[in-house]
Amino acid sequence: MRKSKHTWRVLLLTALCCLIGASLGGTLAYADTGASSYNYSFWGRTVAAPAAYKATTVLDGKELGIGALKDPSDLHVTPDNQIYVLDSGNNRVVVFDSQFKLIRIIDSFMRDGKQETFNNPQGLFVTPQKQLIVADTGNQRVVELDANLSVIKVIDPPQSDLLNANFKFQPVRVIADQAHRIYVMSVGVFDGFMEFNQNGDFTSFIGANRVKVDPTELLWKRLSTRAQRSQMVMFTPTEFTNLDINDEGFIYATNGDVWGDTIKKLNAQGNDILRRTGYFNPKGDIRYTTEQGPARLTDIDVTHSEIYSVLDGSRGRVFTYNGDGHFMYVFGGIGNQLGQFKTPVAIERVGDDFLVLDKAFGEITVFKSTEYGRTLNEATRAYYRGDEEKAFELYNKTINMNANLEFAYSGIGKSLLRKGEYKEALHYFEESYDRGNYSKAFLLYRKQVLREHFPTIMTGIVVVIIAAFIGRVLWKRKKLRRMRGVSIES
Amino acid sequence: MNRELIKYPFYIIMHPFNGFWDLKYDRTQRNNVIISFVILFLLIITNILSSEYSGFIVNIMNPDDMNSLMEIAYVVVPVLFWCVANWSLTTLMNGEGRFVDIFTSTCFALVPLIVINFPWIWLSKVISLQETAFYYFFSSFAVFWSLFLLFVGNMTIHQYSPSKTIGMILLTVVAMGFIAFICLLFFSLTQQMVSFVNVVYKELALRR
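So the protein sequences, as listed, match chains S and C.
Just so we're aligned, residue 1 is where the first sequence starts under full-length UniProt numbering, counting upward by one.
Just so we're aligned, residue 1 is where the second sequence starts under full-length UniProt numbering, counting upward by one.
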């Protein structure tokens, strides 16, 4: 009796599992990857996507042979794939090659014959000429060293009419452009990034965020007295949270806005020129609960072909977008498993791989692209280069792996349009909800069809006109005869 | 006779003043009501076809959100609310129209929405993004034409002055809001009562 009951239960359980499995298989695009990757559809729904990146290794200081990293806060990778890690707690910079073999440790430098060290540095940047720029936060200065570690210049707290009397220089992130201007993100500065010229003199602020006013706050301010108002929080622009520069010299920056654009691409004048032609403005997750709030972006990394990635510090996710603002893929998360972090602070690309630096654990997680990720990266690059043939092939491969990737259809459509296959292009543009290109393809298609069938159409029209004319004449004659008949009768 | 029935709605939209007068005083009520229902039916069909078959350029629609039954409700409910609200107000305000007059005149006023929008379902398939201006122009033109017919119809069947008609139309819209509010209240209360009874029943049934 008991045994039979048991077997029944087992049977029931297996049946249930089968049912659940069957129902899941229908909805998930790629259940076998097992990763919690996703994308957003045109309609703003979360749809399953295969994982584009997978964590392969986690490296801590001991494994790397340099002793534990203590509160590391920044990473940088040079074009020849040397990896610079800023070990803030130990006041040093550690340099690895792409295989994570130690090249050297930089913990001091010579200045005017004296040895100097860093004090809790927070940011670093390496120019293509291997000049190292460190935001030496504790010493309130920015240090620029050349490849042999001799000082090129040191930027001390600047004096300027633009700055307050009680201004405190606390540089936390730095970048430099090809003209060797240095852009510094300093704590407590609302006016944008501080720009220093080649000699290290402060020239101006660049790219200030706009002040965003909360309507309810504004109402309260209107209603309160002057004394009350002076006690209230002032409306100040949000601070930037991080920045990066691409090979064309555009600054990509993230800020802590709650609404508004959290990712910006600044040109030399400080105007935001980021293309936002994707289905949604790039800003991390677009679906979130009100308790969680929107993504808090803490790092940005831009690579070739205008592909850029941002790090959501609060959820530990890395989002990657292409130059048009289409969301490509996401990976990471907060947790204790491989590929998850506690306090991620910096992301960098080494070739096609990603490095994510975890401050609290002092670890670097290496993510390698999957087949899907590689194909998508390649497709995006081919498309950016204008290599339509290659892009067509790669995008086709991509949608075979992820049918939910809507912007890929647009890529296919554009190659077909270029080839002159308008009808097929229409189909693909419709799949990707791309009205502009659909219209373009449609106009060409319409012209083609009309031209092909012009003789038939024209003949048809002429025949109809003649038929109508004859019909009218006959009808009138008939009517006339009837009227005559009526008149005779009466 | 049948030919006349088909021609009449077109006559009314072209000559609204004479047309609505005839509607109220000269024509058989039974035919009017039949035509009205046919118009409503055609409008529903037009709307369903339009959301399903309009060209991609003017109609990006999520197939998951498309529901033909809801399309019926989107036509029937506003018309019903309008007629009830209008009747309730005009009976108090010396309007001469009966409920059936209000209903038929409202339905006849909707004819432009069918006549103009129906061909555009198919035309919208062969236009480009630049030419959508025509599409939007014609659909708003249809709406304004219908509103004008609604105004003339209301004025004629109630024998109001133009200014009074406008006032009544605005009041009717407010009254429709009230009706909607009361309906929502009613459904929400019913739902709560049902769920209360349900919970009590469950408590008793599951008690051991």
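The beta-carbon is built from N, C-alpha and C at its ideal position, and this holds for glycine as well.
Please read these numbers as outputs of a predicted model, since none were measured by experiment.
Once you ignore the five residues that flank residue i on each side, which residues in its own chain have a CB closer than 6 Å to its CB?
i	result
residue 566 (chain S)	As shown, chain S starts at 1 and ends at 490. That puts residue 566 (chain S) outside it, with no answer to give.
G256 (chain S)	T238 and T241
V58 (chain S)	E363 and T365
V236 (chain S)	One detail in the question is off: residue 236 (chain S) reads as Thr in this sequence, not Val. Taken in chain order, the residues that qualify are F190.
L417 (chain S)	A425 and A441
Going by DSSP, what residues sit across from residue i in a beta bridge?
i	result
Y11 (chain C)	DSSP lists no partner for Y11 (chain C).
R141 (chain S)	S:D136
M194 (chain S)	S:V184 and S:F205
F319 (chain S)	S:V310 and S:V330
Q115 (chain S)	S:M110
A48 (chain S)	S:Y38
F341 (chain S)	S:I334
N242 (chain S)	S:T254
With a Cβ-Cβ cutoff of 8 Å, do residue i and residue j count as a contact?
i	j	result
V302 (chain S)	G332 (chain S)	no
A85 (chain C)	M176 (chain C)	yes
A295 (chain S)	S73 (chain S)	no
N81 (chain S)	G351 (chain S)	yes
F205 (chain S)	F193 (chain S)	yes
F118 (chain S)	I175 (chain S)	no
D299 (chain S)	G249 (chain S)	no
S369 (chain S)	A52 (chain S)	yes
E430 (chain S)	Y438 (chain S)	yes
F109 (chain S)	I103 (chain S)	no
residue 211 (chain C)	P112 (chain C)	The question about residue 211 (chain C) has no answer, for chain C in this structure spans 1 to 208.
Y53 (chain C)	I114 (chain C)	no
H304 (chain S)	D387 (chain S)	no
I245 (chain S)	G207 (chain S)	no
T398 (chain S)	A408 (chain S)	yes
G113 (chain S)	V172 (chain S)	no
I35 (chain C)	Y8 (chain C)	yes
Compute the beta-carbon to beta-carbon distance between residue i and residue j, rounded to the nearest angstrom, for a pair I have assumed lies under 8 Å.
i	j	result
A306 (chain S)	N322 (chain S)	Note on residue identity: the sequence assigns Glu, not Ala, to residue 306 (chain S). With 8 Å as the limit, E306 (chain S) and N322 (chain S) qualify as a contact, their Cβ atoms being about 7 Å apart.
V126 (chain C)	R477 (chain S)	At roughly 38 Å, the Cβ-Cβ gap does not stay under 8 Å, so V126 (chain C) and R477 (chain S) are not in contact.
E4 (chain C)	I44 (chain C)	The Cβ separation is near 24 Å, so there is no contact.
A391 (chain S)	S410 (chain S)	About 11 Å separates the two Cβ atoms, so there is no contact after all.
F327 (chain S)	Y40 (chain S)	6 Å
P79 (chain S)	P128 (chain S)	6 Å
L40 (chain C)	V79 (chain C)	7 Å
D272 (chain S)	D261 (chain S)	7 Å
F57 (chain C)	S139 (chain C)	Note that residue 57 (chain C) corresponds to Ile in the displayed sequence, not to Phe. With a Cβ gap of about 14 Å, I57 (chain C) and S139 (chain C) do not count as contacting.
E348 (chain S)	V77 (chain S)	5 Å
May I have the straight-line CA-CA distance separating residue i from residue j, to the nearest angstrom?
i	j	result
N91 (chain S)	T290 (chain S)	39 Å
I457 (chain S)	S50 (chain C)	27 Å
M168 (chain C)	P162 (chain C)	10 Å
G413 (chain S)	T380 (chain S)	14 Å
D358 (chain S)	R276 (chain S)	30 Å
I334 (chain S)	G316 (chain S)	5 Å
R30 (chain C)	A133 (chain C)	41 Å
Y30 (chain S)	T375 (chain S)	Note that Y30 (chain S) has pLDDT 41, beneath the 50 cutoff, so the model's placement of it is unreliable and the number below is only indicative. Computed Cα separation, rounded: 16 Å.
A109 (chain C)	N67 (chain C)	25 Å
A467 (chain S)	Y428 (chain S)	42 Å
M483 (chain S)	H15 (chain C)	30 Å
L163 (chain S)	A180 (chain C)	60 Å
Q228 (chain S)	A135 (chain S)	39 Å
E421 (chain S)	L443 (chain S)	13 Å
G97 (chain C)	M61 (chain C)	40 Å
I66 (chain S)	I105 (chain S)	9 Å
L189 (chain C)	I182 (chain C)	10 Å
F469 (chain S)	L480 (chain S)	17 Å
Q99 (chain S)	L149 (chain S)	23 Å
D26 (chain C)	I116 (chain C)	28 Å
I465 (chain S)	L170 (chain C)	49 Å
L297 (chain S)	R45 (chain S)	21 Å
Y308 (chain S)	I166 (chain C)	57 Å
Cutting at 8 Å between CB atoms, please list the residues of its own chain near residue i, excluding the five before and the five after it.
i	result
S37 (chain S)	A48, A49, P50, A51, A52, Y329, V330 and F331
Q170 (chain S)	T137, Q140, S186, V187 and G188
R111 (chain S)	V151 and V154
M401 (chain S)	Y30, P50, E371, Y372 and T375
V38 (chain C)	none
For a test of your reading of the model: does the CB of residue i fall under 7 Å from any non-hydrogen atom of the ligand FAD? Yes or no.
i	result
N437 (chain S)	You won't find the ligand FAD in this model; it holds no ligand whatsoever.
Within a Cβ cutoff of 7 Å, which residues of the same chain sit near residue i, ignoring the five residues on either side of it in sequence?
i	result
N396 (chain S)	I412
L266 (chain S)	I206, G207, F250, I251, A253 and D272
W82 (chain C)	T106, T172 and M176
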